[in-house]
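Trainee: Handing you a structure now.
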Amino acid sequence: MPDPNPAAMDFLLSRRSRPAKTLTAPAPDAAALLPLLTAAARSPDHGKLEPWRFIVLERPALERLAKLAERRGAELGLEGEKTAKAVSQFADSPLAVAVIAAPVASEKIPQVEQVLSAGAVCLGLLNAALASGWGAAWLTSWAAHDRGFVEEGLGLANHEFVAGFVHIGTETRVPPERPRPDMDKIVSWAS
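Mind the numbering: the sequence shown is residues 1 to 191 in full-length UniProt numbering, read in order.
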């Protein structure tokens, strides 16, 4: 027989990411962040490979990444607005956690399952932050996919990539609700 948790279900049915530009200090300190990371690490992980890891980006690291995004955007010839948005993502954030997908060689567990596990970790961290009363947003940008940026800025190995940057801080305003999927359009039943 099911043992429902109505509070958890209410949270999941009403959760809403907070736009990163609405987040400010204070951000969680190490003691407040560790339970969020621990909750995220409980994500599905077929084979117990732990094909992901965390890099906690505090203000000095975020400022360094903002400068790197500006430089890499210029080197890549990206339009000013695209570069400015990536720079702002780091320059304006009180704290971010880079969730790094780090697939493990395995004959049993396909790489796609490991990548999906890293995505589940991003969502787990986002939900843990929101459930703990923080504002949070899961973002990427061109910088997350630029090898020059991730290797120089985050020290990633060739087989690693950014699954997401989860920005966490104090929300300054609650965003309006956005349209949600029409369940009749996305659900089919097979029997």
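Quick reminder that beta carbons are idealized off the backbone N, C-alpha and C, glycines included. Keep in mind that this is a model prediction, so the values were computed, not measured.
Scan the segment 26-81 and note each continuous beta strand (DSSP E) run of 3 residues or more that stays entirely inside, going in chain order.
Mentor: 52-57
Trainee: Around the Cβ of His159, are there at least 16 other Cβ atoms within 10 angstroms (buried) or fewer (exposed)?
Mentor: Looking at its Cβ environment, which holds fewer than 16 other Cβ atoms inside 10 Å, His159 is exposed.
Trainee: For Glu70, which residues from the same chain have a beta carbon less than 7 angstroms from its beta carbon, with the 5 sequence-adjacent residues on both sides left out?
Mentor: Within the same chain, and ignoring the five residues on either side of Glu70 in sequence, the residues whose Cβ sits closer than 7 angstroms to its Cβ are Thr83 and Val87.
Trainee: For Leu57 and Leu76, I'd like the C-alpha separation in whole angstroms.
Mentor: 24 angstroms
Trainee: Residues in the same chain with beta-carbon distance under 6 angstroms from Arg15, minus the five sequence neighbours each way, listed in chain order, please.
Mentor: Leu130
Trainee: Ends of the beta strand (DSSP E) at Leu139?
Mentor: Gly135 to Leu139
Trainee: Give the DSSP-derived three-state secondary structure of Leu95 in the structure shown.
Mentor: coil
Trainee: Using only the alpha-carbon positions, how far apart do Ala105 and Leu156 sit?
Mentor: 17 angstroms
Trainee: Who are the near neighbours of Ala39 in its chain, counting only those whose CB is closer than 7 angstroms to its CB and skipping five residues on each side?
Mentor: Gly124 and Ala128
Trainee: Are the CB atoms of Ala96 and Arg18 within a distance shorter than 8 angstroms?
Mentor: no
Trainee: Determine the DSSP secondary structure at Thr170, reduced to helix, strand or coil.
Mentor: strand
Trainee: For Asp146 and Leu154, I'd like the C-alpha separation in whole angstroms.
Mentor: 11 angstroms
Trainee: Report buried or exposed for residue 203, applying the criterion of at least 16 other Cβ atoms within 10 angstroms of its Cβ.
Mentor: The question about residue 203 has no answer, for the chain in this structure spans 1 to 191.
Trainee: With 16 as the cutoff for other CB atoms within 10 Å, does Trp189 come out buried or exposed?
Mentor: exposed
Trainee: Could you tell me the boundaries of the alpha helix (DSSP H) in which Met9 lies?
Mentor: Pro6 to Ser14
Trainee: Apart from the five residues just before and just after Glu113, which ones in its own chain have a Cβ nearer than 6 angstroms to its Cβ?
Mentor: His46
Trainee: If you run the structure through DSSP and keep just helix, strand and coil, what is Gly164?
Mentor: strand
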